[in-house]
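Residue numbers are given in this note's numbering: position 75 of the sequence shown equals residue 75, and the series is strictly consecutive. Glycine residues also receive a C-beta, built at the ideal position from the N, C-alpha and C atoms. Accompanying notes for the structure given below.
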Amino acid sequence: AEKRALVIDVREEDEVRHSGKAKGALNLPLSRLHMTADPRSGHFDKALAKAHKDGSAIYLYCASGARSGRAAGILRQHGFENVQNLGNLNTWAQGGGQIVR
């Protein structure tokens, strides 16, 4: 089976509404990631669960790269290994990625 990468925007919902997000990205705010990334919590995100099971690459970004760096650490603590910090939304756009509002 083909491994699909998961792109996660860790900014808060109001930030995403204001500036849009990477096309296909999942919005999982850093403020709740300790629950949504924890396989033992009742709030474990379904897309993260699938990525964990499949060993898919996970790419994170935020407004500056600081929160996505912290998010990468949280994911690694919960056993995710293939985690990359993309930095910010501009990095995605400069690489040719689409932004949707």
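Would residue i pass as a contact of residue j if the rule is Cβ separation under 8 Å?
i   : j    : result
I58 : F80  : yes
N27 : D54  : no
A71 : L30  : yes
N88 : A63  : yes
N85 : L60  : yes
S68 : A5   : no
H78 : A49  : no
G42 : R101 : no
P39 : H18  : no
Just the Cα atoms here: how many angstroms apart are residue i and residue j?
i    : j   : result
I74  : A25 : 18 Å
D45  : N82 : 17 Å
V16  : K23 : 12 Å
G96  : D14 : 24 Å
V104 : W92 : The structure shown does not extend to residue 104, since the chain is modelled only from 1 through 101, so no value can be given for it.
To which residues does DSSP link residue i through a beta bridge?
i   : result
L6  : I58
G87 : Y61
Which residue comes first and which comes last in the alpha helix (DSSP H) that contains residue i?
i   : result
Q77 : A66 to Q77
Review point. Going along the chain, which unbroken runs of the beta strand (DSSP E) with 3 or more residues stay wholly within the region 16-64?
Key: 58-62
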